[in-house]
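Written below as structure tokens is the structure these notes are about.
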Amino acid sequence: MASAPSSTSYSEPQYAKAQDRLKVPFYTPDIASRLVPETQELLEKYSNIPRDQQVEHVHLIRDKAWDIRAYPCIGLGVWLTPQLRRLPTYPDILSRLKGGASLMDVGTFIGHDLRRLVYDGAPSENLFGVDIVNHFDLGYEFFRDRDRFRGAFIEADFLSSSSPELVALKGKIDIVLVSQLLHQWDWDDQVKALETLIGFTRPGSSIVGNQIGNSTAQSVPVKRDSAVKIWRHNTESLDEMFQQAGKATGSKWETQAWLRSSEEMGWDDKALAWMEPNVCVIEFAANRVS
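For the sequence shown, position 46 matches number 46 in the working numbering, and the numbering has no gaps at all.
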């Protein structure tokens with residue numbers, strides 16, 4: 001795979017820093033429509049938040065989160081639509097967790113996928129949430145479960161080796177979840193990031209998740225910083241990335257991937273409309289065979 005030119009190496013894109021919400025295409029003032037029945041049920045039955053209070057609660061937490069980092073997924077409210085449980089391999093993931101497997105959610109945000117797993121029956125003790133900045137306290141505020149959620153949150157750059165909490169997890173994680181994260185980099189940096197994620201796995205482990213993709217694998221400029229390029233995967237290029245990272249780390253991977261439209265993800269068209277033509281979501285599940 002030809003490498004996209006890498007103008008910079010960064011753990012976070014510049015556009016994620018402070019942004020005027022009225023001047024960007026990825027902030028929707030009213031995200032009530034994102035509050036799908038699955039999430040309403042979760043908030044009502046897991047968090048004990050009555051349905052007539054949920055819309056106000058969602059907007060309060062979203063705007064607090066936006067003030068920390070201005071990511072499109074935050075501004076558009078796409079995190080309100082469960083994503084992990086849409087993955088075809090979700091039943092297997094849940095079964096493994098119920099059997100004692102561990103899961104690390106990289107780019108966990110407020111830990112919404114972790115709460116869904118717990119609500120669906122996974123024990124929280126073997127769940128880890130990692131993010132470069134602390135949205136975890138907002139997660140406790142959103143889900144009202146500080147007294148009962150037993151998973152561990154780690155504020156760290158997963159690309160750095162300076163976090164003792166992350167170092168302690170090397171080679172010990174059964175399932176790595178990485179959603180809406182790798183797509184912020186070009187080809188070379190995605191490969192490097194994947195190599196780092198592989199370091200947390202062992203034979204039999206899985207790396208699963210989703211990111212923004214395209215039916216034609218290609219390098220595209222960041223909308224608000226054209227000097228920075230990011231890589232859009234299709235199913236073939238995603239498999240090639242795993243094979244390249246596997247070769248570099250001495251591991252072998254079998255991959256599955258699926259291209260999804262906004263509608264298939266449970267989003268409206270606005271979620272992807274501000275991006276390039278033929279953009280979509282690519283879901284993936286990769287299993288480490290050696």
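Yeah, the Cβ is synthetic: ideal placement off N, Cα and C, and Gly gets one too. Predicted model only: the values in this text are computed from it and were never measured.
Quick check on the DSSP output: what are the complete alpha helix (DSSP H) runs of length 4 or more inside the segment 64-88, in order along the chain? 72-76
So, with DSSP's three-state summary, where would you put Leu22? As a working note, residue 22 is residue 22 in the sequence shown. DSSP places Leu22 in coil when its eight states are reduced to three.
Going by DSSP, name the residue or residues bridged to Met104. On the sequence shown, residue 104 is found 104 positions in, with the first residue counted as 1. In the DSSP output, where bridge partners are listed per residue, Met104 has Phe128, Val176.
Just to confirm the assignment, what range does the alpha helix (DSSP H) spanning Ile212 have? Locating residue 212 in the sequence shown gives position 212, where the first residue counts as 1. Careful: Ile212 lies outside any alpha helix (DSSP H), inside the beta strand (DSSP E) at 206-214.
Identified DSSP bridge partners for Ala168: Position 168 of the sequence shown, counting from 1, holds the residue named residue 168. None; Ala168 has no bridge partner.
DSSP on Lys247, reduced to helix/strand/coil? Reading the sequence shown from its first residue, position 247 is the one you call residue 247. Three-state DSSP puts Lys247 in a helix.
Pick out whichever of Ala248, Asp239, Gly213 has its Cα sitting closest to the Cα of Trp231. If you number the sequence shown from 1, residue 231 lands on position 231. That would be Gly213, whose Cα lies nearest to the Cα of Trp231.
What did DSSP end up calling Pro123 once you bin it into helix, strand or coil? Along the sequence shown, read from residue 1 onward, the residue named residue 123 stands at position 123. Note: Pro123 maps to coil in three-state DSSP.
Leaving out the 5 sequence neighbours to the left and right, which residues in its chain are closer than 7 Å to Arg51 when beta-carbon positions are compared? Taking the first residue of the sequence shown as position 1, residue 51 is located at position 51. Only Gln40, Glu44 meet the Cβ criterion.
Check for me: the beta strand (DSSP E) holding Phe153 runs from which residue to which? If you number the sequence shown from 1, residue 153 lands on position 153. Its beta strand (DSSP E) spans residues 152-155.
Trp258 in three-state terms, based on DSSP: Residue 258 sits at position 258 when you count from the first residue of the sequence shown. In this structure, Trp258 counts as strand in the three-state DSSP scheme.
When burial is assigned at 16 or more other CB atoms within 10 Å of the CB, is Ser205 buried or exposed? Taking the sequence shown and counting its residues from 1, the one referred to as residue 205 is at position 205. Under this definition Ser205 is a buried residue.
Within 10 angstroms of the Cβ of Val289, are there 16 or more other Cβ atoms? Answer buried if so, exposed if not. For the purposes of this step, residue 289 is taken as residue 289 along the sequence shown, with counting starting at 1. Label assigned to Val289: exposed.
Just the Cα atoms here: how many angstroms apart are Ser237 and Lys229? Residue mapping note: residue 237 aligns to position 237 of the sequence shown, counting from 1. Residue mapping note: residue 229 aligns to position 229 of the sequence shown, counting from 1. For Ser237 and Lys229, the distance between alpha carbons rounds to 16 Å.
Compare the Cα-Cα distances from Asn287 to each of Pro277, Gly246, Leu84 and report the closest residue. Taking the sequence shown and counting its residues from 1, the one referred to as residue 287 is at position 287. Ranking Pro277, Gly246, Leu84 by Cα distance to Asn287 puts Gly246 first.
Below 8 Å on the Cβ atoms is my contact criterion, and I expect Phe109 with Trp79 to pass it. Report the Cβ-Cβ distance as a whole number of Å. Counting from one through the sequence shown, the residue named residue 109 turns up at place 109. Counting from one through the sequence shown, the residue named residue 79 turns up at place 79. That belief holds up - the Cβ atoms of Phe109 and Trp79 are roughly 6 Å apart, short of 8 Å.
For Arg202, which of helix, strand or coil comes out of DSSP? Working through the sequence shown from its first residue, we reach residue 202 at position 202. Note: Arg202 maps to coil in three-state DSSP.
Per DSSP, which residues does His233 bridge with? Please list them. Mapped onto the sequence shown, residue 233 falls at position 233. Paired residues: Gly213.
Local conformation of Val191 per DSSP, three classes: Your numbering for residue 191 matches position 191 in the sequence shown. Here Val191 sits in helix by DSSP.
Selection from Lys192, Pro221, Ile207 that minimises the alpha carbon distance to Asp92: What you label residue 92 is simply residue 92 of the sequence shown in a count that begins at 1. If we check each option's Cα against that of Asp92, Ile207 comes out closest.
Tell me which residues share the same chain as Thr249 and place their Cβ nearer than 8 Å to its Cβ, disregarding the 5 neighbours each side in the sequence. Sequence index remark: in the sequence shown, residue 249 carries index 249 (1-based). Contacts found: Glu195, Ile198, Gly199.
Please report the residue range of the alpha helix (DSSP H) in which Phe142 lies. Along the sequence shown, read from residue 1 onward, the residue named residue 142 stands at position 142. Its alpha helix (DSSP H) spans residues 136-143.
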